[in-house]
Structures are given as C-alpha cells and as structure tokens.
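Position one of the sequence shown corresponds to residue 1355 (the working numbering), numbered consecutively onward.
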Amino acid sequence: MQTNALTHFDSLAPSLSVIDPDITLSSVSMQSSREESELLRQSPGRGGRQAKAADALAASPVAMLDSRRRGNDSPRDFKVRVNTRTRHRGRSFRLAVACCAMLAVTLTALYPPAFWRADYLTGKGEQRSVTLADGSRVMLNTATALAIHFDAGTRRVELLAGEAFFDVAKNPQRPFVVTAAGSEVRAVGTAFAVKRQSEQTEVELVEGIVEIQDAGQQHQERLTAGQSASIGANSIALKSAGQPDSMALWRAGYLQFDGLPLSDAIAQINQYRPGRVVLLNTALADKRISGLFRLDALDQAIASLKAAVPELQIVSITPYLVVLR
C-alpha cells in the first residue's frame, strides 16, 4: 500500500509543479465564489437573484477594500492609504469653510445686514423712483434701503440706510410715517426728504407740514415748507429756513456744498463716485468748500477742490483711487 501511494503521488507531481506558490487560500475561495456565482446566474429563479446579490456584494467598497487588504498590501500600506484619504477630506472641508467665510464677509461688505430687510434698495451711485401701494412716490438716492410696513391705520416706511425723497399721497385717515434710527417724521400729504446718518436723521421739508420726534420721544417739532432739522437720539436741532427749490438737489443730478468742511465734502463725493477718495493731510480737513457739482462729473469736482484749497495736492493713483495730501 505504501508503494502504491508513493507511485500515485509521483504521478501527480507534474500537475502540482505548475501551481503558483503565491496562491493563498483566500484567492482560491474567491475563485470558488466566482464559479458558484456563475452557476447561480445560469440557473433560473431564486438562484439568479442570489447571484446578482453576490455580484453586488463583491463589487462593494468594503469587498474591494477587503480584497486589497488580503492582497499584496501590507497593514502599513493600508493604514497610510486610509490616513491620506482622511487628510484630503479634512483639507477639502477646511477649504470649503474658508470659501463660505470669505463669501459671507464679501456679502456683508457689499450689502450690510440692514439691506437684507429692504423692500427697495439702490447701489452706490444709483438712483431709483418707485410708486408705493397707496400712490405715494419715493425717490431713493445712492446706497439707500427702504422697508415698507403698511396696515389699515398707518402707512409706515422705515429708512434703513441712505436718503429718500417722499411725495406723499393725501389720506388723513392713514398718516404717513417715516422712521429712521428711532426718530419719526409724520405727514398727511406733503413732500420732504429724509437722510439717515449713523444716529442722526436729517429732514428737509419742501412742501406742506410735518411733525418730527426724536428717538427718545422727549422732543417734538413741527416744520413748515423751507425748514429743515437734524434729529438726534434725544434732541432736535432746527436749521434756518431756506428755499424749497434748493433742497434735495440730488434729485436733479447735483451735489451742493455750502461752506462744508473738506472732509465732509469728500465723504459725500465717495457716496456717489466709484472707488475711493482719501484725504491724507488731516490738517486740511476743516477747510470750507462751497460749490455746485454734477453727479455725473465728480472727477471735475475733485479737481476743483484745489481751487478752494491751494495747498492741496491731488494724486490719481488709479481711476478708482485718488489721494489728497
């Protein structure tokens, strides 16, 4: 019997010599699984469905990772690959967060939070006329935002930023109220301009009568045509009466300076002109400027500042950046 077994083993030796010594048990089992799946695919009914499920499982990421893990990759190589993918995902996440933060900062700079509540708004250098639901007409000046709050008893408009001119449709049963920084301008049927500057509100009355009130509700005043006022948090300062035709000249496309400090004149130019005008020589900030300038020719207005302040030097670095020194 021993002689017969040795003889049988010798007869199998040529066949065994062609077997790849690198074949492992797992690869043999995978080959068997593929053969079983092929047989099931060829069989009808439930076996075919089982074969499809087996193929799906074999093609899954877990199976592929497992097959790679069982192959030539060492545990160290597998760990390095996973760590690399984790680092890439972390880097992509940080980049996405940075892009979102940059977008938020840009939107906040271009459109402050006050503008997000606006029903009507204008950009820098833009003017716009709108007709409200009650028939009142509103002209928005540069960088202005309005929110409308009409109800059955009151027509209320909130000036969130900028400046607007109101030509109010008469309706004694529904007063027209403009609020800005807490102050109120109340009218029935009239024409007036309201400008919001930080915590101050400027009012110019062109026609009719308005009642104004400060934010702290401590002071009230009544204005007539030609009068103007500056409303603070707890104060009202009346200004000398002027000509109604000279009020809110921006509606006609003009910018007027009447003894305005140079720094304030530059600030008004920057509200309309693209880019930025920067005053470096602060010693000249209080120099008085007077003149009437067209809004569509503000470069000429900048050049004319030297006539009012001879020691002023104007350096145009780019069309959007002018330095005064």
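Glycine is no exception: its CB is placed at the ideal position from the N, C-alpha and C atoms. Because the structure is a prediction, the values reported are computed rather than measured.
- DSSP places Leu1486 outside both helix and strand once states are collapsed to three, so it counts as coil.
- Annotation for Tyr1626: the continuous alpha helix (DSSP H) segment containing it runs 1616 to 1626.
- In this structure, DSSP gives Asp1612 an extended state, which the three-state scheme calls strand.
- Nearest in C-alpha terms to Arg1630, of all of Pro1673, Arg1648, Leu1486, is Pro1673.
- Proximity to Ala1569 across Arg1550, Leu1559, Gln1581 peaks at Arg1550, based on C-alpha coordinates.
- The beta-bridge partner set that DSSP reports for Ser1670 consists of Val1676.
- Pairing Leu1659 with Pro1526, the inter-Cα distance amounts to about 47 Å.
- 9 Å or more divides the Cβ of Val1548 from the Cβ of Val1542.
- Non-local C-beta neighbours of Gln1567 in its own chain, meaning closer than 6 Å and more than five positions away in sequence, comprise Glu1538, Gln1574, ordered along the chain.
- The segment 1622 to 1641 makes no contact with the segment 1584 to 1603; the number of CB pairs closer than 8 Å stays below 3.
- Phe1504 places its beta carbon 9 Å or farther from that of Asp1521.
- If you ignore the 5 residues before and after Leu1649, its C-beta comes within less than 6 Å of the C-beta of Gly1607, Leu1609, Tyr1626, all in its own chain and listed in chain order.
- By the neighbour-count criterion, in which 16 or more other beta carbons inside 10 Å mark a residue as buried, Gln1581 falls on the buried side.
- Under DSSP, Arg1471 shares a beta bridge with no residue.
- For Val1663, the closest alpha carbon among the candidates Gly1613, Ile1585, Ala1595, Gly1516 is that of Gly1613.
- Residue range 1652 to 1662 is occupied by the alpha helix (DSSP H) that includes Lys1660.
- Between Leu1603 and Leu1577, the beta carbon gap of about 19 Å keeps them out of contact (Cβ cut-off 8 Å).
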